[in-house]
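Only one structure is covered here, and it is reproduced in the block below.
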Amino acid sequence: MFNPYMAEAINEAKKALELDEVPVGAVIVRNGEIISRAYNLRETSRQATAHAELLAIQKACSHLNSWRLDNCDLYVTLEPCPMCAGAIINARIKSVYFGAYDPKGGAC
């Protein structure tokens with residue numbers, strides 16, 4: 002089934018792949034509008050926390066000028082890891098949709 006938000010997350014993942022990053026992309030949606038998008042930058046930035054989900058959450062918080070994302074949905078291409086799952090919970094994101102399970106590091 003086609004989902005336009007997941008398609009945008011996949012486009013973000015492609016950007017990560019072009020940089021030899023793990024190809025994970027994420028978008029955050031509020032009221033039918035994408036307010037944030039990001040892709041993995043861990044290798045490029047040399048930062049262990051530069052996961053697509055965390056970067057998208059940071060951008061969404063800046064966009065809304067709030068740490069509370071309770072009316073937002075997250076679309077991400079890969080099942081979030083425990084670190085990202087914690088951030089998703091703390092940001093109070095309403096729903097999470099992921100494209101593939103991660104048997105190695107997924108937390109859902």
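Heads up: the sequence shown begins at 2 in the working numbering, then just goes up one per residue. Ideal placement from N, C-alpha and C gives every residue a C-beta, glycine not left out. Nothing here was measured: the structure is a model prediction, and the numbers come from that model.
Residue i bridges to which residues according to DSSP?
i: R31; result: E34, C73
i: A39; result: A27
i: F99; result: V77
Looking at residue j and residue i, is the spacing between their C-beta atoms short of 9 Å?
i: A10; j: G107; result: no
i: I58; j: A86; result: no
i: I29; j: A61; result: yes
i: A51; j: N41; result: yes
i: L56; j: K95; result: no
Give the straight-line distance between the Cα atoms of residue i and residue j, rounded to the nearest whole angstrom.
i: R38; j: L65; result: 14 Å
i: A8; j: C82; result: 21 Å
i: R93; j: R31; result: 13 Å
i: A17; j: R43; result: 10 Å
i: L79; j: Y102; result: 6 Å
i: V25; j: D74; result: 17 Å
i: E19; j: S46; result: 15 Å
i: F3; j: W68; result: 30 Å
Any idea if residue i is buried or exposed, counting beta-carbon neighbours within 10 angstroms, 16 or more meaning buried?
i: N72; result: exposed
i: E34; result: exposed
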